[in-house]
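Accompanying notes for the structure given below.
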Amino acid sequence: MDVLRTEFTLNDMPIEVTLPVRATLADAIRSTGATGTRVGCEEGICGSCTVLLDGRPARACLMLAAQARGREIRTVEGLAAGGRLHPVQESFRRHRALQCGYCTPGFMMLAVGLLEREPNASPERVRAVLASNLCRCTGYAPIVDAVLAAQQALAGEVI
Ligand code: FES
Ligand code: FES
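For what it's worth, the working numbering labels the leading residue of the sequence shown as 211, then goes sequentially.
This is the structure we're talking about:
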C-alpha cells in the first residue's frame with residue numbers, strides 16, 4: 211500500500227503522521243488519538259467531521275490528509291483551556307444542546323468558526339450557518355439557543 215507522510219499543526223501542536231495515500235484529514239486527525247472529530251456520512255453531507263482549517267470550518271472527510279500539509283487544524287479537543295470549557299462548550303451544556311452527542315463536536319467547531327470570524331452575526335445568519343450540519347436528536351432549537359448564548363458570552367455578557 212502506498213503511504214504518505216504529512217505534517218500539520220493540530221491544536222497548536224506540530225503533528226507528523228504516516229498514512230495510506232488516500233487517507234482523509236479525518237483519518238489523519240483520528241490517527242493521532244484526537245477522536246473527538248466524528249465521522250458520519252463520509253461524503254460531506256452531515257458535518258459531524260467539521261474542524262477548523264486555518265480558522266475556517268471544513269469537512270475533514272472531504273479533504274485528503276495530504277492537503278493538510280502545513281495547515282493549522284483545530285478540533286474540539288483544542289477548545290477548553292486552563293481547565294475551563296470554551297464558552298461554546300459551556301453553552302451547549304447549559305442549554306442541553308446535545309443528546310447522543312455524535313454531531314456535537316462538528317456543531318461546536320462550526321459555531322466557533324462562525325463566532326470568531328463574525329462575532330456580530332445576526333440570529334438569521336447563525337441559523338443559516340448551523341443548517342449546514344445535521345443532528346438526529348435535538349430538534350435544533352437548543353443548538354441555536356446555545357450558539358446565540360455563547361455569542362453573548364463571548365461579547366462579555368452572561369450565558
Ligand atoms: S462525515 Fe464528513 S460531512 Fe459527514
Ligand atoms: S445530539 Fe444526536 S445526532 Fe445530534
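Where a beta carbon is used, it is the ideal one built from N, C-alpha and C, also for glycine.
Bear in mind that the values here come from a model prediction, so they are computed numbers and not experimental data.
_The alpha helix (DSSP H) that contains Arg304, what's its start and end?_
The residue you call residue 304 lines up with position 94 of the sequence shown. Pro297 to Arg304 is the span of the alpha helix (DSSP H), which, as asked, contains Arg304.
_Reduced DSSP category for Met319 - H, G, I as helix; E, B as strand; rest coil_ = Here residue 319 refers to the residue found at position 109 when the sequence shown is read from its first residue. Of the three classes helix, strand and coil, the one that applies to Met319 here is helix, per DSSP.
_Judging by CA-CA distance, which residue of Gly254, Cys259, Pro315 and Ile255 is the nearest neighbour of Asp237?_
In the sequence shown, residue 237 corresponds to position 27, counting from 1. If we check each option's Cα against that of Asp237, Cys259 comes out closest.
*Please report the Cβ distance between Ala331 and Ala275, rounded to the nearest whole angstrom; I am assuming they are in contact, meaning their Cβ atoms lie under 8 Å.*
If you number the sequence shown from 1, residue 331 lands on position 121. If you number the sequence shown from 1, residue 275 lands on position 65. Actually they do not touch by this definition, with Cβ atoms about 31 Å apart.
*asked:* Bridge partners for Glu328 per DSSP, in chain order?
replied: Reading the sequence shown from its first residue, position 118 is the one you call residue 328. Glu328 pairs with nothing; no bridge assigned.
_I need the boundaries of the beta strand (DSSP E) containing Val213, first residue and last residue._
For the purposes of this step, residue 213 is taken as residue 3 along the sequence shown, with counting starting at 1. Val213 to Leu220 is the extent of the beta strand (DSSP E) around Val213.
*Between Arg279 and chain B, is there a C-beta pair that is closer than 8 Å?*
Of the chains in the structure shown, none is chain B; there is only one protein chain.
*asked:* Taking only three categories from DSSP, how would you classify Glu334?
replied: Counting from one through the sequence shown, the residue named residue 334 turns up at place 124. Helix at Glu334.
_Nearest-residue set for ligand 2, Cβ under 7 Å from any heavy atom_ = Leu308, Gln309, Cys310, Gly311, Tyr312, Cys313, Thr314, Cys345, Arg346, Cys347 and Thr348
_Can you tell me which residues form a DSSP beta bridge with Arg284?_
Locating residue 284 in the sequence shown gives position 74, where the first residue counts as 1. In DSSP, Arg284 forms a bridge with Leu262.
*asked:* Buried or exposed, going by whether 16 or more other CB atoms sit within 10 Å of the CB of Met318?
replied: Mapped onto the sequence shown, residue 318 falls at position 108. By the 10 Å Cβ count, Met318 comes out buried.
_For Glu226: DSSP bridge partner residues_ = Within the sequence shown, numbered from 1, the residue matching residue 226 stands at position 16. BP columns for Glu226 point to Glu217.
*Pro352: which of Gln299, Pro329, Pro267 and Gly288 sits nearest, CA to CA?*
As a first step, residue 352 is located in the sequence shown; it is residue number 142 there, counting from the start. Nearest C-alpha to Pro352: Gln299.
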